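Note that full-length UniProt numbering has the sequence shown beginning at 1, numbered continuously upward.
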Amino acid sequence: MATANVSEIVERREYLRRIVAVTSMLGRQGLPFHGHDEGEDSPNRGNFLACIELLKEFELFLQKHNPQSNDQYISPTSQNDMIDCCAQEVTSVIVSEMTKSKVYAIMADEARDEKAEQLAVCVRYVSEGAVKERFLALAEIKSFDAQSIANEIQQQIQNNGLAELKCVAQTYDGAAIMSGSTGAVGLRAKLYKFSAVYALLMFQSILSVTEGLHKFLQKETLDLAEAFICKQAVCDTLKGKHSDAFATELYEKTKALCNTHSIPDPGAKTRHKQRKMEDFVLEVTVGSRTELNNSDTLKRELLFPCVDRMVGELDQRFCSVDAGLLKGIQACSPKSENFLSEPHLNELAKHYRPEKRRGSGGQKLSYPENRGWMSTQKYVVCVQPP
Numbered sequence: 001m002a003t004a005n006v007s008e009i010v011e012r013r014e015y016l017r018r019i020v021a022v023t024s025m026l027g028r029q030g031l032p033f034h035g036h037d038e039g040e041d042s043p044n045r046g047n048f049l050a051c052i053e054l055l056k057e058f059e060l061f062l063q064k065h066n067p068q069s070n071d072q073y074i075s076p077t078s079q080n081d082m083i084d085c086c087a088q089e090v091t092s093v094i095v096s097e098m099t100k101s102k103v104y105a106i107m108a109d110e111a112r113d114e115k116a117e118q119l120a121v122c123v124r125y126v127s128e129g130a131v132k133e134r135f136l137a138l139a140e141i142k143s144f145d146a147q148s149i150a151n152e153i154q155q156q157i158q159n160n161g162l163a164e165l166k167c168v169a170q171t172y173d174g175a176a177i178m179s180g181s182t183g184a185v186g187l188r189a190k191l192y193k194f195s196a197v198y199a200l201l202m203f204q205s206i207l208s209v210t211e212g213l214h215k216f217l218q219k220e221t222l223d224l225a226e227a228f229i230c231k232q233a234v235c236d237t238l239k240g241k242h243s244d245a246f247a248t249e250l251y252e253k254t255k256a257l258c259n260t261h262s263i264p265d266p267g268a269k270t271r272h273k274q275r276k277m278e279d280f281v282l283e284v285t286v287g288s289r290t291e292l293n294n295s296d297t298l299k300r301e302l303l304f305p306c307v308d309r310m311v312g313e314l315d316q317r318f319c320s321v322d323a324g325l326l327k328g329i330q331a332c333s334p335k336s337e338n339f340l341s342e343p344h345l346n347e348l349a350k351h352y353r354p355e356k357r358r359g360s361g362g363q364k365l366s367y368p369e370n371r372g373w374m375s376t377q378k379y380v381v382c383v384q385p386p
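#1: Start and end of the beta strand (DSSP E) containing C122?
#2: Select from I263, C258, Q79, I206 the residue whose C-alpha is nearest the C-alpha of G240.
#3: Between the Cα of V103 and those of E89, A111, V131, D81, spot the shortest distance and give me the residue it belongs to.
#4: For H214 and M310, I'd like the C-alpha separation in whole angstroms.
#5: Mind checking F61: buried by the 16 CB within 10 Å criterion, or exposed?
#6: For the alpha helix (DSSP H) containing T221, list its first residue and its last residue.
#7: Does the separation of the CB atoms of I19 and Y73 fall below 8 Å?
#8: Taking only the alpha-carbon atoms, compute the straight-line gap between A349 and F216 and give it to the nearest angstrom.
#9: Please report the distance separating the alpha-carbon of D296 from that of N159.
#10: Identify whether I263 lies in helix, strand or coil by the three-state DSSP scheme.
#11: So I149 packs on I141, CB below 8 Å; how close in whole Å?
#12: From which residue to which residue does the alpha helix (DSSP H) around E57 run?
#13: Have a look at the DSSP bridge pairing and note the partners of R13.
#14: Bridge partners of Q170, per DSSP?
#15: Among A196, V209, T171, which one has its Cα closest to the Cα of K255?
#16: Secondary structure at I74, three-state DSSP: helix, strand or coil?
#17: Whose C-beta lies closer than 7 Å to the C-beta of C86 among residues of the same chain, with five residues either side of it excluded?
#18: Are the Cβ atoms of L165 and M107 separated by less than 8 Å?
#19: Count Cβ pairs between the stretch 113-128 and the stretch 88-98 that sit closer than 8 Å; are there 3 or more?
#20: Where do the N-terminal and C-terminal ends of the alpha helix (DSSP H) with K215 fall, by residue?
#21: If you check the beta carbons only, do L136 and A111 fall under 8 Å apart?
#22: If I follow the unbroken beta strand (DSSP E) through residue 387, where does it start and stop?
#23: Just the C-alpha distance for E226 and C235, rounded to the nearest angstrom, thanks.
#24: Please state whether the Cβ-Cβ distance between Y251 and L302 is less than 8 Å.
#25: In whole angstroms, what separates the C-alpha of F339 from that of V209?
#26: Consult DSSP for K241 and reduce its assignment to one of helix, strand or coil.
#27: Once DSSP output is grouped into helix, strand and coil, what is the label at F304?
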């Protein structure tokens with residue numbers, strides 16, 4: 001009995017090998033499986049059954065094998081099951097290659113038929129130095145608005161385990177123009193991330209500080225000294241945002257907004273150590289990057305570098321201007337609030353460094369060093385540029 005069961009199992013496996021081989025061949029060639037009429041009397045029962053009949057003419061095993069009607073695996077339902085199994089294997093290979101690549105681009109297009117509206121999702125990535133474009137899924141959706149397409153793409157990404165990978169580009173053909181006022185699906189997909197919301201709120205806070213300075217610098221009646229003072233005030237305000245308190249406030253504000261719009265919190269993740277090079281001394285990061293998944297990494301990798309960069313750019317804009325000289329020049333204008341201000345004029349005088357010199361007759365012209373520049377007495381001095 002045991003020997004008979006083993007023999008029957010081996011025979012069924014051999015039969016299934018041929019069924020799977022025909023399924024794989026038709027799939028690789030992109031040929032349809034089903035026929036319009038797969039009955040016994042049909043002159044054309046479809047490519048799948050035609051291939052099975054062709055193998056029987058030359059294959060001794062198929063000629064001898066006589067399975068029961070419920071074990072033939074040639075019905076339309078069985079064909080669909082075989083196709084689904086092959087699709088899962090192909091998809092697993094694609095996902096494996098994408099995981100090694102770590103980055104990918106997504107392409108989506110509409111595919112309508114008379115019964116349903118479908119969304120074709122393809123991916124583009126680099127594997128072993130070659131660019132590959134692969135079909136990932138064909139999903140049925142109820143409507144082609146931005147919300148429906150964005151939700152379906154997110155669902156496909158989650159189903160295939162691609163959420164941890166970085167999507168660097170998105171392209172849409174017929175699906176690029178959406179109905180409704182919610183905008184394009186590409187923008188929605190990009191903004192449906194915690195780090196993206198954090199960045200938007202961060203720039204809203206930072207740019208609101210610099211907006212006044214930008215408008216002030218465009219005035220036709222610009223006073224350079226006032227511009228310098230305004231710039232310094234903006235820099236001081238930006239430096240105040242380089243703090244743990246502001247970073248915590250920004251993170252909590254982002255978290256509350258994401259919870260309102262059902263955007264998932266990434267949460268803390270443990271980075272796996274790369275063991276392939278643990279015995280080597282590394283001088284570069286070999287492509288590794290920090291995941292923006294908590295308050296500390298967001299402020300360290302995004303907030304603080306951005307604030308420092310903006311402060312540095314503002315400092316470079318007036319790097320060749322002496323603040324004391326500007327205040328001294330401003331004190332010479334009757335329209336200035338600091339007109340004839342002695343501390344400011346002293347800064348102007350120090351810049352030109354007056355020196356003691358002799359007159360044309362040899363007499364020594366000098367000024368008393370113990371008197372200030374705002375004294376009512378007049379002195380003859382030689383003013384030389386620096």
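By construction, the Cβ of each residue, glycine as well, lies at the ideal position given by its N, Cα and C atoms.
Only a predicted model underlies this, so the values are computations on that prediction, with no experimental measurement involved.
Taking the definition as stated:
#1: Residue numbering aside, residue 122 sits at position 122 when the sequence shown is read from its first letter. It spans 117-127 - the beta strand (DSSP E) in which C122 sits, taken as one unbroken run.
#2: The residue given as residue 240 occupies position 240 in the sequence shown. Closest by alpha carbon: I206.
#3: Position 103 of the sequence shown, counted from the first residue, corresponds to residue 103. Taking only the C-alpha atoms, the option nearest V103 is V131.
#4: Here residue 214 is taken as the residue at index 214 of the sequence shown, counted from 1. Here residue 310 is taken as the residue at index 310 of the sequence shown, counted from 1. The alpha-carbon atoms of H214 and M310 are separated by roughly 13 Å.
#5: Counting from 1 along the sequence shown, the entry for residue 61 is found at position 61. Exposed, because fewer than 16 other Cβ atoms sit within 10 Å of the Cβ of F61.
#6: Your numbering for residue 221 matches position 221 in the sequence shown. Element bounds for T221: n/a, residue is neither H nor E.
#7: Taking the sequence shown and counting its residues from 1, one reaches residue 19 at position 19. Taking the sequence shown and counting its residues from 1, one reaches residue 73 at position 73. It is a contact, given that the beta carbons lie within the stated cut-off.
#8: Taking the first residue of the sequence shown as 1, we reach residue 349 at position 349. Taking the first residue of the sequence shown as 1, we reach residue 216 at position 216. Cα to Cα, the separation comes out at about 29 Å.
#9: Within the sequence shown, the letter at position 296 stands for residue 296. Within the sequence shown, the letter at position 159 stands for residue 159. Cα to Cα, the separation comes out at about 30 Å.
#10: Your numbering for residue 263 matches position 263 in the sequence shown. DSSP places I263 in coil when its eight states are reduced to three.
#11: For the purposes of this step, residue 149 is identified with residue 149 of the sequence shown, where counting begins at 1. For the purposes of this step, residue 141 is identified with residue 141 of the sequence shown, where counting begins at 1. Right, the Cβ-Cβ distance comes to about 7 Å (below 8 Å), so this counts as a contact.
#12: Along the sequence shown, one-based indexing puts residue 57 at 57. Its alpha helix (DSSP H) spans residues 47-58.
#13: Position 13 of the sequence shown holds residue 13. Bridge partners of R13: none, in fact.
#14: Translated into the one-based positions of the sequence shown, residue 170 becomes position 170. Partner(s): I106.
#15: In the sequence shown, residue 255 corresponds to position 255, counting from 1. Here the closest residue by C-alpha is A196.
#16: Here the question's residue 74 lines up with position 74 in the sequence shown. If DSSP states are grouped into helix, strand and coil, I74 belongs with coil.
#17: Position 86 of the sequence shown holds residue 86. T23, S24, G27.
#18: Counting from one through the sequence shown, the residue named residue 165 turns up at place 165. Counting from one through the sequence shown, the residue named residue 107 turns up at place 107. No, Cβ-Cβ distance for L165 and M107 is not below 8 Å.
#19: yes
#20: For the purposes of this step, residue 215 is taken as the residue at position 215 of the sequence shown. That run of the alpha helix (DSSP H) goes 194-216.
#21: For the purposes of this step, residue 136 is identified with residue 136 of the sequence shown, where counting begins at 1. For the purposes of this step, residue 111 is identified with residue 111 of the sequence shown, where counting begins at 1. Not a contact, by the Cβ cut-off of 8 Å.
#22: Not covered by the structure: residue 387. The range shown for the chain is 1 to 386.
#23: To locate residue 226, count along the sequence shown from 1; it is residue 226. To locate residue 235, count along the sequence shown from 1; it is residue 235. Going from the Cα of E226 to the Cα of C235 covers about 14 Å.
#24: Numbered from its first residue, the sequence shown carries residue 251 at position 251. Numbered from its first residue, the sequence shown carries residue 302 at position 302. No, the pair does not count as a contact, with Cβ atoms beyond the cut-off.
#25: In the sequence shown, residue 339 corresponds to position 339, counting from 1. In the sequence shown, residue 209 corresponds to position 209, counting from 1. Distance between the alpha carbons of F339 and V209 is about 29 Å.
#26: Within the sequence shown, residue 241 is the residue found at index 241, counting from 1. In this structure, K241 counts as coil in the three-state DSSP scheme.
#27: Here residue 304 refers to the residue found at position 304 of the sequence shown. Of the three classes helix, strand and coil, the one that applies to F304 here is helix, per DSSP.
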